[in-house]
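Heads up: the structure comes next, in structure tokens.
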Amino acid sequence: MLDATFYDTLSRLQLRMIYKSSRSLSGSRKSLQKGQSAEFSDFREYRPGDDLRRLDWNAYARLDRLYIREYMEEKEAMVSVLIDTSASMDYGACSKAELSQDLAAAVSFLALNHMDRLCLYDMKAMEKGLSAGGGRSAFARVLHWLENRSFGGEVDLLEAARKMPRRGPGITILISDFLHPDMLEEEKQRYEKLLRYLAYCRQRPVVLHTMASEELRIPWEGARNLIDAETGNRLRLTVDKKAVTQYEGQLARLIGRMKKGCAAAQGAYVLCDAKKDRKRLVFEDLRVIYDI
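Take the position in the sequence shown, starting the count at 1, then add 20; the result is the number in my numbering.
If you want it as structure tokens, here you go:
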């Protein structure tokens, strides 16, 4: 579904950052350090040992003092992608699991295309992540890693994020349906704690909320046996207009809460329908996560 033409178009975009890079390897992001790039940053007074080629003679002629021109150094930024591989993700006629892999591939390509440092994590096995850098040549490794993900069991999103190594400021992309009891129960504030933790680590949070079409628009009616994919718990429910209205109201409140949390953290929230055309999803709905 994501072909060469798709990636050629995607290469024109770049992930938006709110923190300057503090990493030491060369890249395309503005760094906290001063260096030799073409973009002017500031003046400072000359100090013994400074490169004389950076002296500003026009400033000397006006002020009779020696000043050095400083330039913004370009370094690689840190892009972390956390994928929810719990059993609830393996659901839908158009699978949320497949959607999460496509989304992870798209954002990973953007990171590598702009010489950022990419770290991919399976939330069930945070210690077995994939670190990649050096440009688009590493993308084949990313696709292989994504293709080998298995979906099942349970995931604690907050604990998974806490296991992520701290590698400096950057962007953390969370790909999940967030259909976990701790995340859904507002009084526990687990979602808000997750965002606050990422802010503490100087990460811009990007939440890609993956949902099956059947979860966004209930297609059933009558008596149903609902089985929790992760715990196996069963619930007998009569699906009528009242039940659907209550569900839609709870879902709207959850989405509103998630959007509000991301906005407060200077991040971005995108609701991703697994049934939606991937090109429209990536190039239209995800525009809020790009520098355009």
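For every residue, glycine included, the Cβ atom is placed at its ideal position computed from N, Cα and C.
Could you check if G252 is buried or exposed, using at least 16 other CB atoms within 10 Å of its CB as the buried criterion? Indexing the sequence shown from 1 puts residue 252 at position 232. Burial call: exposed.
Nearest by alpha-carbon distance to R222: which of E241, R186 and Y141 is it? As a position in the sequence shown, residue 222 is number 202, starting the count at 1. Out of E241, R186 and Y141, R186 has the C-alpha closest to the C-alpha of R222.
Would you say the region 146–156 touches the region 68–83, given that touching needs at least three Cβ pairs under 8 Å? no
Identify which residue in I247, M37, A126 and W77 has its Cα closest to the Cα of L301. As a first step, residue 301 is located in the sequence shown; it is residue number 281 there, counting from the start. The option with the nearest alpha carbon to L301 is A126.
So for P185, helix, strand or coil by DSSP? As a first step, residue 185 must be located in the sequence shown, where it is residue number 165. Reduced to three states, the DSSP call for P185 is coil.
Terminal residues of the continuous alpha helix (DSSP H) containing C139? The residue given as residue 139 occupies position 119 in the sequence shown. That residue, C139, is in no alpha helix (DSSP H); its beta strand (DSSP E) goes R137 to D142.
In its own chain, which residues sit with a C-beta less than 8 Å from the C-beta of R161, not counting the 5 before and 5 after it? Here residue 161 is taken as the residue at index 141 of the sequence shown, counted from 1. L150 and A152, listed in sequence order.
What's the C-alpha gap between S42 and K280? The residue labelled residue 42 in the question sits at position 22 within the sequence shown. The residue labelled residue 280 in the question sits at position 260 within the sequence shown. Unreliable positioning characterises S42 in this predicted model, as indicated by a pLDDT of 48, which lies under 50. The coordinate reading is nonetheless provided below. Their Cα atoms are separated by approximately 28 Å.
Helix, strand or coil: how does DSSP classify N168 here? Looking up residue 168 in the sequence shown gives position 148. Looking at N168 - three-state DSSP - the assignment turns out to be coil, as it is neither helix nor strand.
Taking the continuous alpha helix (DSSP H) assigned at V127, which residues delimit it? Translated into the one-based positions of the sequence shown, residue 127 becomes position 107. Its alpha helix (DSSP H) spans residues K116 to N133.
T25 classed as buried or exposed, judged by whether at least 16 other C-beta atoms fall within 10 angstroms: As a first step, residue 25 must be located in the sequence shown, where it is residue number 5. So T25 counts as exposed.
Please specify which runs of the beta strand (DSSP E), each continuous and at least 3 residues long, are wholly inside the region 214–258, giving them in chain order. 223–231 and 242–247
Three-state class that DSSP yields for S100 in the structure shown: Within the sequence shown, residue 100 is the residue found at index 80, counting from 1. Strand, per DSSP.
Quick one: what's L35 bridged to in DSSP? For this step, residue 35 is matched to residue 15 along the sequence shown. Looking at the DSSP assignment, L35 forms a beta bridge with Y310.
Is there at least one Cβ from chain D nearer than 8 Å to A117's Cβ? Protein chain content of the structure displayed is limited to a single chain, and chain D is not contained in it.
Kindly indicate which residue of F159, C114 and M109 has the alpha-carbon position closest to the one of V175. Counted from its first residue, the sequence shown places residue 175 at position 155. Out of F159, C114 and M109, M109 has the C-alpha closest to the C-alpha of V175.
Under three-state DSSP, which class holds D297? Mapped onto the sequence shown, residue 297 falls at position 277. Correct three-state label for D297: coil.
Measure the C-alpha to C-alpha separation of I309 and G190 and round it to an integer number of angstroms. As a working note, residue 309 is residue 289 in the sequence shown. As a working note, residue 190 is residue 170 in the sequence shown. Approximately 13 Å, taken between the alpha carbons.
At the level of alpha carbons, what is the spacing between R314 and K261? This structure leaves residue 314 out entirely; the chain is present only between 21 and 312.
In this structure, how does DSSP classify V175 when only helix, strand and coil are distinguished? Translated into positions along the sequence shown, residue 175 becomes position 155. V175: coil per DSSP, three-state reduction.
Unbroken alpha helix (DSSP H) run spanning E205, endpoints: As a working note, residue 205 is residue 185 in the sequence shown. Element bounds for E205: n/a, residue is neither H nor E.
Would you mind working out which of A158, I88 and A113 sits nearest E234, comparing C-alpha positions? As a first step, residue 234 is located in the sequence shown; it is residue number 214 there, counting from the start. Nearest option by C-alpha distance: A113.
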